[in-house]
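Structure first, commentary second.
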Amino acid sequence: MKKGLILLLSMVLAAGLLAACGSSEKTSKAASDKKVLVMGTSADYAPFEYIETEKSDEIIGFDVDLAKAITSKLGYKMEVKDMDFNGLVQALKSGQADFVLAGMTPTEKRKKNVDFSDIYYTAQFMIVSKKDSGISKLEDLKGKTVGVQLGSIQADKAKEINEELPIKIEDRNRIQDLIQEIKSGRFDAAIIEDTVAKGYFTKETELEGFTLNDDPEAGSAIAFPKDSDLTEKFNQELKKMKENGELDELIIKWFGDQQ
Ligand code: ARG
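One rule links them: number in my numbering = place in the sequence shown (from 1) + 941.
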């Protein structure tokens, strides 16, 4: 009886051990099959990338969905790393990120340091201010304090405006801070991408904005370290998604109510 029990126990143990070995072998194999790519982003940019703090601390948005679609088609897993927008190019250069999706515009200056995919979304500059600010056209910015995100093309735009029309330029790392500074009256206005700015207007009802229509549209593209072999692979998948309507589906999902 006792012997029988020991035998039974050891059989159960052995079976358990075998199963454990089997499964650990499987997971380690899967992990090596699927390389994890790190996506760098600045999660202050709804609906491109943001955190719905009331719901979870996960980074969601159009860029995240697009990156997930492309990486999974290519057989990669991915991980999202949040940082300040101004540090993203450097993160690619130092290998902290394999690619960047952050509504980033492929400017000539950035192209000296990183490579870009084709453009996947276009947008315009918007001047955001309080409804009672009296700012309704570019000329109204004369002498005003204008906020921009550090290292963005909106910061370049502010410098360009300043050449014609003296303004006081202030920069912040996060878009949310620009919004706060306008609300508190420290900034008279901010330059923000129209799609992102519009996202604030439903909640921040004292704010409004107008776009600078005469400007060429500022597009977003995926950034990679120079000479990465991912650039061409991602670009091909992006092209397919443009052709088969998958990209439009994502655009409707995330920007639908603004079109
Ligand atoms: N498109 C602009 C640029 O490239 C702003 C992008 C800001 N992105 C962000 N995730 N905060 O400069």
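Every residue gets a Cβ at the ideal spot worked out from N, C-alpha and C, and that includes glycine. Model, not experiment: these values are computed from the prediction.
heavy atom of the ligand ARG below 7 Å from residue i C-beta
i       : result
Ile1116 : yes
Gln1177 : no
Asp1135 : no
Ser1070 : no
Ala1159 : yes
Gly1036 : no
Ser1058 : no
Asp998  : no
Glu990  : yes
Tyr986  : yes
Ile1120 : no
Ile1094 : yes
Met1024 : no
Gln1090 : yes
Thr1046 : yes
Thr1063 : no
Ala1043 : yes
Thr982  : yes
Own chain, CB closer than 6 Å to residue i, minus 5 neighbours either side, in chain order
i       : result
Val979  : Glu1020, Lys1022, Ala1038, Asp1039
Lys1180 : none
Thr1063 : Glu1158, Gly1160
Gly1186 : none
Arg1115 : Asp985
Glu1134 : Ala1064
Residues near residue i in its chain [Cβ-Cβ closer than 7 Å; skip 5 each side]
i       : result
Asp998  : Ile992
Glu966  : Caution applies to Glu966, whose pLDDT of 42 falls short of 50 and renders its modelled position unreliable; the model cannot decide the point.
Cys962  : Any answer about Cys962 is weak, because its pLDDT of 47 lies below 50 and its placement is not dependable; what the coordinates show is given next. Within the same chain, Cys962 has no close Cβ partners at all.
Lys1034 : Asn1054, Pro1166
Asp1081 : Gly1075
Met1024 : Gly981, Ser983, Ala1032
Thr1048 : Ile1094
Lys1098 : Phe1066, Ile1132
Gly1197 : none
Ser1077 : Phe1151
Ala987  : Gly1002, Val1137, Gly1140
Cβ separation of residue i and residue j, assumed to be a contact under 8 Å, to the nearest whole Å
i       : j       : result
Val1055 : Lys1167 : 6 Å
Ala1162 : Ile1060 : 5 Å
Leu1191 : Leu1007 : 6 Å
Gly1092 : Phe1026 : 6 Å
Best match in the options for proximity to residue i [C-alpha to C-alpha]
i       : options                            : result
Glu1147 : Thr1048, Lys1180, Thr1086, Asp1129 : Asp1129
Asp985  : Glu1105, Ala1032, Arg1113, Asp1073 : Arg1113
Ala1164 : Pro988, Ser1058, Val977            : Ser1058
Leu1079 : Gly1092, Pro1107, Asp1073          : Pro1107
Lys1083 : Gln1095, Pro1157, Lys1100, Ser1093 : Lys1100
Ala1140 : Leu1188, Ile1110, Trp1195, Gly1186 : The sequence shown places Gly at residue 1140, not Ala. Closest by alpha carbon: Trp1195.
Ile1094 : Ile1076, Arg1051, Asp1118          : Arg1051
Lys975  : Ile1011, Lys1124, Tyr1017, Ala987  : Tyr1017
Phe1142 : Gln1117, Asn1154, Ala1010          : Gln1117
Leu1188 : Lys1009, Ala1096, Asp1097          : Lys1009
Lys1124 : Ile1133, Glu1134, Glu1145          : Glu1145
Ile1011 : Gly1197, Leu1171, Glu1104          : Leu1171
Close Cβ partners of residue i (< 8 Å) along its chain, the five nearest in sequence each way excluded
i       : result
Glu1122 : Gly1088, Glu1111, Arg1113, Phe1128, Ala1131
Asn1154 : Gln1065
Lys1072 : Glu1147, Leu1148, Glu1149
Phe1109 : Strictly speaking, residue 1109 in this sequence is Lys, with Phe absent from that position. Gly1084, Lys1085, Thr1086, Val1087, listed in sequence order.
Ser1169 : Asp1039, Phe1040, Asp1056
Val977  : Tyr1017, Lys1018, Met1019, Glu1020
Gly1103 : According to the sequence shown, residue 1103 is Asn rather than Gly. If we look at Asn1103 and ignore the five residues flanking it on each side, its Cβ neighbours are Ile1110.
Q) For the segment 1173-1184 against the segment 986-1000, are there 3 or more C-beta pairs whose distance is under 8 Å? A) Touching, no.
Q) Three or more beta-carbon pairs under 8 Å between the segment 1126-1143 and the segment 1076-1090, yes or no? A) Short answer: they touch.
Q. Any chance the segment 1053-1070 sits against the segment 1150-1163, with 3 or more Cβ pairs inside 8 Å?
A. The answer is yes - the segment 1150-1163 touches the segment 1053-1070, with three or more Cβ pairs under 8 Å.
Q. Counting Cβ pairs, one atom from each stretch, are 3 or more of them under 8 Å apart for the segment 999-1012 and the segment 1025-1044?
A. Contact check between the segment 999-1012 and the segment 1025-1044: three or more CB pairs, one atom from each, fall below 8 Å, which counts as touching.
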